[in-house]
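Everything on this sheet refers to the single structure shown next.
Number of protein chains: 4
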Amino acid sequence: MKTSLSKRSLLFVITILLLTLFVTSFVSFSQTYVRNEIKIPDVSGYLTLKCDFHMHTVFSDGEVWPTVRVEEAWCEGLDAISITDHIEYQPHKKDVLKNHHRPYEIAKSKANELGIILIKGAEITRDMPPGHFNAIFLENIDPLDTENWRDAIKAANDQGAFVFWNHPGWRQVDEIPIWYDEHTDLFEKGWFQGIEVVNYYRYYPKTYQWALDKKLTILGNSDVHPPTGMDFDLAHGGHRPMTLVFAKEKSETAIKEALLNRRTAVYFNNLIIGEEKFLKLLFDESNDVINSEVTIKGKGGVNIQIHNKSDLNFELIADGENAAITVPQNLTLSPDRTVLVRISGKNEQMTGTQKIILPFRVKNLLIAPEQGLAIELNMTVHFISGEK
Amino acid sequence: MKTSLSKRSLLFVITILLLTLFVTSFVSFSQTYVRNEIKIPDVSGYLTLKCDFHMHTVFSDGEVWPTVRVEEAWCEGLDAISITDHIEYQPHKKDVLKNHHRPYEIAKSKANELGIILIKGAEITRDMPPGHFNAIFLENIDPLDTENWRDAIKAANDQGAFVFWNHPGWRQVDEIPIWYDEHTDLFEKGWFQGIEVVNYYRYYPKTYQWALDKKLTILGNSDVHPPTGMDFDLAHGGHRPMTLVFAKEKSETAIKEALLNRRTAVYFNNLIIGEEKFLKLLFDESNDVINSEVTIKGKGGVNIQIHNKSDLNFELIADGENAAITVPQNLTLSPDRTVLVRISGKNEQMTGTQKIILPFRVKNLLIAPEQGLAIELNMTVHFISGEK
Amino acid sequence: MKTSLSKRSLLFVITILLLTLFVTSFVSFSQTYVRNEIKIPDVSGYLTLKCDFHMHTVFSDGEVWPTVRVEEAWCEGLDAISITDHIEYQPHKKDVLKNHHRPYEIAKSKANELGIILIKGAEITRDMPPGHFNAIFLENIDPLDTENWRDAIKAANDQGAFVFWNHPGWRQVDEIPIWYDEHTDLFEKGWFQGIEVVNYYRYYPKTYQWALDKKLTILGNSDVHPPTGMDFDLAHGGHRPMTLVFAKEKSETAIKEALLNRRTAVYFNNLIIGEEKFLKLLFDESNDVINSEVTIKGKGGVNIQIHNKSDLNFELIADGENAAITVPQNLTLSPDRTVLVRISGKNEQMTGTQKIILPFRVKNLLIAPEQGLAIELNMTVHFISGEK
Amino acid sequence: MKTSLSKRSLLFVITILLLTLFVTSFVSFSQTYVRNEIKIPDVSGYLTLKCDFHMHTVFSDGEVWPTVRVEEAWCEGLDAISITDHIEYQPHKKDVLKNHHRPYEIAKSKANELGIILIKGAEITRDMPPGHFNAIFLENIDPLDTENWRDAIKAANDQGAFVFWNHPGWRQVDEIPIWYDEHTDLFEKGWFQGIEVVNYYRYYPKTYQWALDKKLTILGNSDVHPPTGMDFDLAHGGHRPMTLVFAKEKSETAIKEALLNRRTAVYFNNLIIGEEKFLKLLFDESNDVINSEVTIKGKGGVNIQIHNKSDLNFELIADGENAAITVPQNLTLSPDRTVLVRISGKNEQMTGTQKIILPFRVKNLLIAPEQGLAIELNMTVHFISGEK
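Chains as they are written, first to last, in our numbering: chain A, 21 to 408; chain B, 21 to 408; chain C, 21 to 408; chain D, 21 to 408.
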């Protein structure tokens, strides 16, 4: 009795449900934008800010309204951007009135609303040499709109701007950069402080070496013109090139101080480019060895678990030999994952306890143009004899 | 001997390899855009064209340059678009000069290059009533820029434009549309031929009923303002709302002919809205029953495999009873997948062969505001007794 | 001169590169398993351990070797499992010799190697009533293999096992569980301490109410038979049902202590089921309001950013009214994302500063069978007049 | 009035909805398995069957029940499999009774139900030389369970089995295969007809050359032991290695005929290995040039659209020069996508119409161990002068 009643009421409920679902299951509620935070650890007491200091809007040859650049930055996990429309190149000027200040003015309230640091900038756009230079932290862009490029760069410096040489391989054979007398002149005057080692889809190893030799700040920027989702594969976990700034706090002032003191690294696809001291800390803060004390019996193997809590990918290769153990030739520490690393003994009779550093190098953390970071994964290994 | 030599040369090769990979594994080649074709079958000898007749650029209140709309359309698998900037609402006019023809002019060569049909259009933007109307297939937008809204709509009709009422719930309580005398007037004059049953994130069931009753062409459009990737979840397989046009060929003329003859459907999230005759064909052309002849023993079960070769999702619910078999209450035919459908006998003693239509309705193919399409999956079932 | 030389050598390098890539780009290195940690915060000084206490192998009616259960658990981010093969139901016994201890014995060394806590268990498998019961933390399974089900359950209790009633709706009409006299008897004797409110694909609200009323420990388990990847959609971010155990440390003893003291919750698809005190902490520890102090002008709006650092999904609905502000009706806090919540003023003239609790309930955190958790998102709002 | 009524009833509906959704939104219906068809075109009037002829179960050293192998094959889009448990190696024999026929017997009804062709097979498992050989299309496995390996291989041939040498690099230095006198002996007797050029994670180029020289049938198989989802990255679009069999129909007999007549190719990660005649057809049937007639003005560029309708990835590199146009150095034709290929004129004054074959080679279609397939993408190009 009871069951049949319950069944009847159940049928009623199901009928209601189906009708209801019929109406409701296709309703979407208005979307709110979401931000994908990029997990890169802070290092040495500095915040690791994610920044892009080179991009365009319809006010020069870009294809989006300035507010879009702020919304994209927020969604993609950036902390700071600079819109750097060309001063001298304005292909849309038939339709969009020339005014160097409008991109910043238009984007500023959206930036405030979303908490994105917006830095006023512009691109000084001349033939090679000297090519293109970005000036950021500007007060007034108009004085840079002048005939002589030296005057333009000087005007930026006079305002205390941070100036850097963009995509140095531009218009060169095979995109290999050339350092001209003009660059020596600018460099000796102290008129540019930084240089792009990465721009858009390109990494310039030669430029990286210049930066190391001449103590220039390294930068990597998107130089994006269309919506970022059209140029970068955000849909499959990709990201635009960006400059990591190790700053004392999250502020425009702190970013400028860090740039002037060369506390940057470049994040480009899987690659991180920067000084050894920063890259070593990025690695160490990202990865934990879960079982750092293990026992190996003779030539047997044991699994070590390493957990990478960052969004970075670390591609390790064996580098050097250890007398007591062998390690895999290749190893990828994937973002947000724990991996098994199999190490094995070399000697059937070995006994005793050793402190061992696993001999690996990180192929994609570049402390010099072609030099991966050597790392130190410390283990305590107890060896017991494998013989019966 | 030979082995050791081979090993030495192998080591050499590996060294070269590692050095080489070191340099090369981070190089990316310049990206070329890719197009994601949307697999929806052609029906009844008509091509199924994917179209979006409502979108904006920086020339009214949109946030992208007109060429972006063409590139987005190409990447997202569309065949035709119309840029329909507001005639009367130009919030960027301080920076972007007012000229109703520029979006079309700027986008046209990119459209030609990519094979996207670009239709000249504009949005007549007035208070409710009568609200907003799109006019497409225009020759000249300027005559529509006039004080009286009746004059504007007439001017569109005078040019032979196709005119439709946009987002009819706009500014109404709970977005529920109201049909005013003004609409009756326009309708009786034949001054609008279509109506949006879907706009952006919203489906208007009431509007769908009006369209059925009054023989208006149904449309579903994006009305997108920012880059489409910011408004629609393209990264996870989402798509903008679009109008499916069943056209005699892929041309602007054929699209107009189809719109005038009400050969459209609307594709919105998982939902397809349209006339039974078209939706039935879309279902039939998309799905194949792989084993349509099966044997059931008594009350035993058997698996039927159904392959959906389209990009559409079909959500089936059991609808009605069959005397001989039971079917699952719910069943999803996922895009590009084959699924198992378990059917079972109802009677242990049953014998003989029957033609059976599986009693399903497709919840998300709407042939009326709240009515899913009834389908006919035909089976031949051989029943054999389940008794020993 | 120099350039052409450089170009020639570049061509040479490119040739080498292409040849090399030709050979190497298709090589894959042997895969190492990766573990996907599930980010759920620890609460109240307890570790939140992810556990599954119900699964099968080829030793009863499962389809995998016991070691697979350990490897799956490791890859899926679990901390502890119990293999609970049926004692009385051994459909593979023609091929696989009956021995209740072998699943544990075979899996144990793999569990040690990977750091998975493996708890010895078995499923007492009888008709309803009383249905199936799992006994875990067993010393010896053999005494449970006895004719009378009361003897079997008593034998488990005699060993100090933790005993729980599995999938209580099994074999009932519409899977709605019935509490029989047999259950009263067992309950009054204290012979079972827990009950599954979730098993496989099913949530039993009625069972959840019983657990609340009778102070039974709630559990949610997979009851998986094939490889887990065939039953659960791991490929798209899905997970098996699991029991969250709030334990004093990561050990078998601590898990038992927590189970006996009812410190558990159930994680099933998007749903978390459990006591208010735990769920409230899970929510609070997972989410940060980034800008908890905002200014609203008149009826204007402001965006609040909420960052969810866990892997859980929180589905909020507005619940109750606030006199000063309106909030969105629906809001999803997605895993590992920051979302914008738009709140608006209600009164154009309002001024002053208020502490406001945003009126939301979390639909998918169930503190009772159909009751979502009320939460307290605290804001400080400065109101300024919207009038000129 | 009316509106307020409508609003009240709307509130009622919303209340019902929310209550209803509360209960229902977490219900999952029992999962049905889905099959991911692999789109590889049929060629030359043959069906392209996807087959895996090498895998293990708990009956030797595998970790799954035989039915799992059938279900996996169905879900992963395969047409035919052979379970080939080791005859001489039975590490689970303490628990699983030795019986060479049980894997086939147990799996057969599931194979019939799902339409998977199940071929009876076994692995003859001996030290190197001669190593391991699979025998498939066996009638009776027992005669192969004999002391002398020559007797075992002869017994297989006596039954008309198809016999192939597995993973020929097994137990060799750096996995480089060695052809021993024992292999010459077997080969000259005609006792093996095929050879694995791919096994699990490994491609053996040297073996591929042997197969070309000696007219052996090439095979690529998974040799999987755990659930396939643990060894292959199915979650991210990966697939197990498989043998493509070009068969006259979908039947066991037709597969055997094709194997004996060497109509196979190997599909391994991105790589397809096989005879030029088959690979050329696979490429041609997969790809369509959408606009094969274009106009180039002087040194200007034009976009060609190529649509790849298969699930294969084609990695093209420029190969050779064309006097009139330049093509990109690299080009990837992604599965189910249309890509843009930019070609440019070389000569500002060029005029007239030419038939042009775009000079590309497909890096990942291997017609010899290190030789990519040359393809012929035919274009008609109209050149018009670029001078004013």
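Glycine is no exception: its CB is placed at the ideal position from the N, C-alpha and C atoms.
Keep in mind the model is a prediction, meaning the values are calculated, not measured.
In terms of beta-carbon proximity, C:Ile-310 lines the interface with chain A, with at least one pair separated by less than 9 Å. DSSP places B:Pro-261 in the coil class of the three-state scheme, outside both helix and strand. Below the 7 Å Cβ cutoff, chain B contributes no neighbours of D:Arg-89, its closest Cβ being approximately 17 Å away. From the listed residues D:Asp-194, D:Phe-184, D:Tyr-200, the smallest Cα separation to D:Trp-211 is found for D:Phe-184.
Counting only runs of 3 or more residues that sit fully inside the stretch 218-304 of chain A, the beta strand (DSSP E) segments are 237-241, 262-267, 284-288, 291-294, in chain order. At a Cβ-Cβ threshold of 9 Å, A:Ile-324 and A:Met-370 do not count as neighbours. Boundaries around C:Ile-324 are those of the beta strand (DSSP E), 321-328, since no alpha helix (DSSP H) includes it. For A:Lys-130, the enclosing alpha helix (DSSP H) starts and ends at 122-134. In the same chain as B:Glu-159, and ignoring 5 residues on each side of it, the C-beta atoms closer than 6 Å to its own belong to Gln-179, in chain order.
What C:His-259 touches in chain A, judged by beta-carbon distance under 7 Å, is nothing: the nearest beta carbon there is about 15 Å away. Under the DSSP definition of a beta bridge, D:Thr-145 partners with D:His-152. The beta-carbon of A:Asn-219 is placed no less than 9 Å from the nearest beta-carbon of chain B.
Of all residues in the stretch 345-366 of chain A, the ones placed with a Cβ closer than 8 Å to any Cβ belonging to chain C are Pro-348, Gln-349, Asn-350, Leu-351, Ser-354, Asp-356, Arg-357, Thr-358, Val-359, Leu-360, Val-361, Arg-362, in chain order.
Judged by DSSP secondary structure, A:Glu-368 falls outside any beta strand (DSSP E); it is assigned neither H nor E. The beta-bridge partner set that DSSP reports for A:Thr-358 consists of A:His-327, C:Arg-55.
The Cβ-Cβ distance between D:Val-401 and D:Ile-376 falls below 9 Å.
Put simply, the CB of D:Ile-395 is far from chain C, with every gap to its CB atoms at 9 Å or more. One finds Pro-247, Thr-248, Gly-249, Met-250, Leu-254, Ala-255 in chain B with Cβ atoms closer than 9 Å to the Cβ of A:Gly-249, taken in chain order. By the neighbour-count criterion, in which 16 or more other beta carbons inside 10 Å mark a residue as buried, B:Thr-273 falls on the exposed side. Taking 9 Å as the CB threshold, D:Phe-303 stays off the interface with chain C. The beta carbons of A:Asp-115 and A:His-76 sit about 15 Å from each other, so the pair does not count as a contact at 8 Å. For B:Pro-61, the three-state secondary structure derived from DSSP is coil. A distance below 7 Å between beta-carbons, with the five flanking residues on each side excluded, links D:Glu-407 to the following residues of its chain, in chain order: Gly-318, Glu-368, Gln-369. Under the three-state reduction of DSSP output, A:Ala-100 falls in the strand class. At a cut-off of 9 Å between beta carbons, B:Tyr-53 contacts chain D. In the DSSP assignment, no residue is bridged to B:Ile-198.
C:Ala-394 sits in a strand when the DSSP states are folded into three classes. The stretch 296-315 of chain B makes contact with the stretch 325-342 of chain B; the number of CB pairs closer than 8 Å reaches 3 or more. In summary, C:Glu-390 is exposed, with fewer than 16 beta-carbon neighbours lying within 10 Å of its beta-carbon over all protein chains present. Taking a beta-carbon distance threshold of 9 Å, B:His-327 counts as an interface residue toward chain D.
The beta carbon of C:Cys-95 sits closer than 8 Å to those of Tyr-53, Val-54, Arg-55, Asn-56, all from its chain and outside the five residues before and after it, given in chain order.
The contact set of B:Asn-323 on chain D, defined by CB atoms closer than 8 Å, consists of Glu-133, Leu-134 in chain order. With contacts defined as CB atoms closer than 9 Å, D:Ile-387 and D:Glu-295 qualify as a contacting pair. DSSP, reduced to helix, strand and coil, places C:Pro-389 outside both helices and strands of the structure shown, so it counts as coil.
For B:Asn-56, the residues of chain D that pass the 9 Å Cβ criterion are Asp-356, Arg-357, Thr-358, in the order they occur in the chain. Judged by DSSP in its simplified three-state form, A:Leu-158 adopts coil rather than helix or strand.
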